[in-house]
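I have placed the structure first, in the form of structure tokens, so that the comments after it can refer back to it.
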Amino acid sequence: MKKYWQLLQPDNNLVENIRGELQCNPVTATILVNRKIISKDDALRFLKPSLNNMRPPCSMKDMDAAVRRIYSAITGHEKILIFGDYDVDGITATTILFEFLHYTKADVSYYIPHRTKEGYGLHTKHITDYAIPNKINLIITVDCGSSSDNAVKTASGSGIDVIITDHHEISDKPSRAVAVLNPKRHDCSSGFDDLAGVGVAFYLLICLRKQMRDNHFWQNRPEPNLKNLCDLVALGTVADMVPIVDENRILVKTGLEIINAGDRCGIKTLMESSGIIRLRRTVNTEDIAFRLAPRLNAAGRIEHASAAVELLTTNNLETARQLARSLNSMNFKRHDIEQKIMEDISEYLKNNQYLLKNSSLVLSDNEFGNMWHEGVLGIIASRMVKKYFRPVVLIAIKEGVGKGSARSIPGFNIYKGLMLCSDLLEAFGGHSMAAGLTIKAEHMDIFQKNFENTVQQTTSPDDFMQTISIDYELNFEDISDALINELETLKPFGTGNHEPLFMAKNVSVMDSKIVGKNHRRMHLKQSAAGGTGNSFNAIHFNVDTNKNLRESFDQIAFRLHWNYWNGKKTAQIVIEHIL
34 MKKYWQLLQP DNNLVENIRG ELQCNPVTAT ILVNRKIISK DDALRFLKPS
84 LNNMRPPCSM KDMDAAVRRI YSAITGHEKI LIFGDYDVDG ITATTILFEF
134 LHYTKADVSY YIPHRTKEGY GLHTKHITDY AIPNKINLII TVDCGSSSDN
184 AVKTASGSGI DVIITDHHEI SDKPSRAVAV LNPKRHDCSS GFDDLAGVGV
234 AFYLLICLRK QMRDNHFWQN RPEPNLKNLC DLVALGTVAD MVPIVDENRI
284 LVKTGLEIIN AGDRCGIKTL MESSGIIRLR RTVNTEDIAF RLAPRLNAAG
334 RIEHASAAVE LLTTNNLETA RQLARSLNSM NFKRHDIEQK IMEDISEYLK
384 NNQYLLKNSS LVLSDNEFGN MWHEGVLGII ASRMVKKYFR PVVLIAIKEG
434 VGKGSARSIP GFNIYKGLML CSDLLEAFGG HSMAAGLTIK AEHMDIFQKN
484 FENTVQQTTS PDDFMQTISI DYELNFEDIS DALINELETL KPFGTGNHEP
534 LFMAKNVSVM DSKIVGKNHR RMHLKQSAAG GTGNSFNAIH FNVDTNKNLR
584 ESFDQIAFRL HWNYWNGKKT AQIVIEHIL
């Protein structure tokens, strides 16, 4: 895989202007301009995200119809079912809707399908086998439902109303739904396209609470502070890897504040079991992405996602600790399963090098001696995209039917790619970068060929060259505690607002050692040609210890962190790439 280092070159006049307006470090000013933030007002909204700056959520298409129907169901004591999804986005969306409706004394329950037994989304069988026997009057989907037209028709024909809340790509909305809240609808001009499923559900609650206020519902009980649900909104938003910009930035920043206040038993115990508490620092988006979310996701991947909802809704500390320990064990099991499949695939590709000449990788467990666990295929596909930088589709086949996960690179829309092969698929859905699919085993060979042709016809060679965007060439002499503190104000980081990446030249290793399995801890110094000789502690994760470890680098691409250890914090360079 080819990598191209690109040092961003923003307009110096814009940098100087924003630097003067904010009285900030030129490094910070450069990063802001790199993020297209060029005015003082935009910068202040970015640096100090506030719920007060959110755009009116009621502009979303069908919002009025949705809140009126839910309000009617609450006051009419109808049976409401929240139908969720088994990933963190779906789990958190289910939880916030359930908690709010439960607080209103609504007759509410939730249902999350089993990943391997039932698959993704609302299906006709959920209406006939569950909703009708349980006399449900209203179904509200979260993080799913945009492609559930048959299920909605069955529900409607049985006297059950359905409200869809979702954020996945949508072609034609379910025609008989009472409301379809999906900012990706072609006829929705709200501008909330980047919201996660939990974000859409949260916006529904904002409008529903107002509807209830206008109808004097809160006269007999305190009006709930929806800000307290932002911890869950942050979890789902970060975990689903939607852009952390605009409203999402506000929601995540607010949610992190709630998480760090430590009021929710489930999150607190999850922080204990994942080791975050021992770090003695505030929780950040990286903790959500790599510590909290994998454990919540493990429930749906290995057993059932309802365990994660139970964890997030319980107020009993001991119950929460037991559930957190259980999720921790599931996550270890998930890791072992994932690692074994990844090793098998790596060995297979090593022995079948011709496959790496393709523009895509489409593999099923038919080519291997053991069945794959479909619950971990999405993670493995993401790892393979990172390693091989091309679209990847992994499919687990059971009893003649394959269920799979697809992940992509920025230059190829995986959802549109699957759409072009839809005549071979039983079902599919997702986003531009991630999707799921169901296919009959007999169609695998032709799908593999057609998908490869689709990728080749809709991409160019440049799409397969990974561009590493460098924010700033930073000499060691310009690194200071004050700079790192200023960089902290750019948080929360994530998709759409990546952590700043710096470059330094002529770097020498003064000493080093391998820690853990394959992480290299170093003390680095920059030669006089590139700076004054300042030195810093550094870490390079996942190095190839079988190769001779270099004692100098022409260039390094790195991030700047505070390293927390034994109650102290020190500046640390985290190396991402070397030349």
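Throughout, our numbering is defined as the position within the sequence shown, counted from one, plus 33.
Note that beta-carbon positions come from the ideal geometry of N, C-alpha and C, so glycine has one too.
Note that the structure is a prediction, hence the values are computed from the model and not measured.
>> Can you tell me whether Val60 is helix, strand or coil according to DSSP?
In response: The sequence position of residue 60 within the sequence shown is 27, counting from 1. In the structure shown, Val60 sits in a helix (DSSP, three-state: H, G or I).
> Got a sec, what are the start and stop residues for the alpha helix (DSSP H) Leu344 sits in?
Replying inline: Indexing the sequence shown from 1 puts residue 344 at position 311. Unbroken alpha helix (DSSP H) run through Leu344: 339–346.
>> From the DSSP secondary-structure annotation, give me the bridge partner or partners of Asp140.
In response: Reading the sequence shown from its first residue, position 107 is the one you call residue 140. Bridge partners of Asp140: Lys112.
>> Distance check for Asn293 and Thr315, CA to CA, integer angstroms please.
In response: Looking up residue 315 in the sequence shown gives position 282. Looking up residue 293 in the sequence shown gives position 260. Taken atom to atom, the span from the alpha-carbon of Thr315 to that of Asn293 is near 6 Å.
>> Looking at the strands, I want to know which residues DSSP matches up with Val540.
In response: The residue you call residue 540 lines up with position 507 of the sequence shown. Gln559, Phe586.
>> Checking 8 Å against the spacing of the C-beta atoms, do Leu557 and Ile606 come in under that value?
In response: For this step, residue 557 is matched to residue 524 along the sequence shown. For this step, residue 606 is matched to residue 573 along the sequence shown. Taking 8 Å as the Cβ cut-off, Leu557 and Ile606 qualify as a contacting pair.
> Does the beta-carbon of Trp251 have 16 or more other beta-carbons within 10 angstroms, so that it is buried, or is it exposed?
Replying inline: For the purposes of this step, residue 251 is identified with residue 218 of the sequence shown, where counting begins at 1. Exposed.
> Under a three-way DSSP split, which group does Ala604 fall into?
Replying inline: Locating residue 604 in the sequence shown gives position 571, counting from the first residue. DSSP, read as helix, strand or coil, puts Ala604 in strand.
>> Excluding the 5 residues flanking Ile611 on each side, which residues of the same chain have their C-beta closer than 8 Å to its C-beta?
In response: Here residue 611 refers to the residue found at position 578 when the sequence shown is read from its first residue. Contacts found: His573, Arg583, Phe586, Gln588, Ile589, Ala590.
> Who are the Cβ neighbours of Ala126 in its own chain at under 7 Å, not counting the five residues just before and after it?
Replying inline: The count along the sequence shown starts at 1 and reaches residue 126 at position 93. Hits under 7 Å: Gly117, Val175, Asp176, Gly230, Val231, Ala234, Gly269.
> Relative to the C-alpha of Ala272, which residue among Ile412, Ile71, His368, Glu521 is closest?
Replying inline: Working through the sequence shown from its first residue, we reach residue 272 at position 239. When only C-alpha atoms are compared, the closest one is Ile412.
> If you compare alpha carbons, which of Pro43, Ser83, Pro59 is closest to Pro525?
Replying inline: By one-based count along the sequence shown, residue 525 stands at place 492. Looking at Pro43, Ser83, Pro59, the one whose alpha-carbon comes closest to that of Pro525 is Ser83.
> With DSSP run on the structure shown, which of helix, strand or coil describes Trp38?
Replying inline: By one-based count along the sequence shown, residue 38 stands at place 5. Trp38: strand per DSSP, three-state reduction.
> How would you call Gln372, buried or exposed, if buried means at least 16 neighbouring beta carbons within 10 angstroms?
Replying inline: In the sequence shown, residue 372 corresponds to position 339, counting from 1. Counting Cβ neighbours within 10 Å, Gln372 comes out exposed, since fewer than 16 surround it.
>> Check for me: the alpha helix (DSSP H) holding Gln490 runs from which residue to which?
In response: What you label residue 490 is simply residue 457 of the sequence shown in a count that begins at 1. It spans 477–491 - the alpha helix (DSSP H) in which Gln490 sits, taken as one unbroken run.
> Leaving out the 5 sequence neighbours to the left and right, which residues in its chain are closer than 6 Å to Gly295 when beta-carbon positions are compared?
Replying inline: As a first step, residue 295 must be located in the sequence shown, where it is residue number 262. Here the set comprises Lys301.
>> Checking 8 Å against the spacing of the C-beta atoms, do Glu280 and Leu228 come in under that value?
In response: Against the sequence shown, residue 280 aligns to sequence position 247. Against the sequence shown, residue 228 aligns to sequence position 195. A contact, by the Cβ cut-off of 8 Å.
> Under a Cβ-count criterion, where at least 16 other Cβ atoms within 10 Å of its own Cβ denotes burial, should Asn364 be classed as buried or exposed?
Replying inline: Looking up residue 364 in the sequence shown gives position 331. Answer is buried; the Cβ neighbour count reaches 16.
> Per DSSP, what kind of secondary structure is Ile292 in: helix, strand or coil?
Replying inline: For the purposes of this step, residue 292 is taken as the residue at position 259 of the sequence shown. Helix at Ile292.
> Grouping DSSP H, G and I as helix and E and B as strand, with all else coil, what is Ile203?
Replying inline: Mapped onto the sequence shown, residue 203 falls at position 170. Secondary structure of Ile203 (DSSP, three-state): coil.
>> With H, G and I counted as helix, E and B as strand and the rest as coil, what does DSSP make of Tyr153?
In response: Looking up residue 153 in the sequence shown gives position 120. Here Tyr153 sits in coil by DSSP.
> In this structure, does DSSP put Lys524 in helix, strand or coil?
Replying inline: As a working mapping, residue 524 is identified with position 491 in the sequence shown. Note: Lys524 maps to coil in three-state DSSP.
>> Output needed for Lys366: all residues of its chain with C-beta closer than 6 Å, excluding positions within five of it in sequence on either side, in chain order.
In response: In the sequence shown, residue 366 corresponds to position 333, counting from 1. Around Lys366: Ile335.
>> Is it the case that the region 386–401 contacts the region 482–489, given that we only count it when at least three CB pairs across the two stretches are under 8 Å?
In response: yes
>> Judging by CA-CA distance, which residue of Met543, Val576, Ser208 is the nearest neighbour of Ser179?
In response: Translated into positions along the sequence shown, residue 179 becomes position 146. When each option's Cα is compared against that of Ser179, the closest is Ser208.
>> Among the candidates Ala326, Lys286, Glu521, whose CA atom is the shortest distance from the CA of Asn261?
In response: Here the question's residue 261 lines up with position 228 in the sequence shown. The option with the nearest alpha carbon to Asn261 is Lys286.
>> Tell me the residue span of the beta strand (DSSP E) that contains His573.
In response: Along the sequence shown, read from residue 1 onward, the residue named residue 573 stands at position 540. Unbroken beta strand (DSSP E) run through His573: 568–573.
> Which whole-angstrom value describes the C-beta separation of Ile442 and Trp38, a residue pair presumed to lie in contact below a C-beta threshold of 8 Å?
Replying inline: To locate residue 442, count along the sequence shown from 1; it is residue 409. To locate residue 38, count along the sequence shown from 1; it is residue 5. Their Cβ separation, rounded to whole angstroms, is 18 Å, which puts Ile442 and Trp38 out of contact at 8 Å.
> Quick one: what does DSSP say Gly450 is sitting in, helix, strand or coil?
Replying inline: Position 417 of the sequence shown holds residue 450. Of the three classes helix, strand and coil, the one that applies to Gly450 here is helix, per DSSP.
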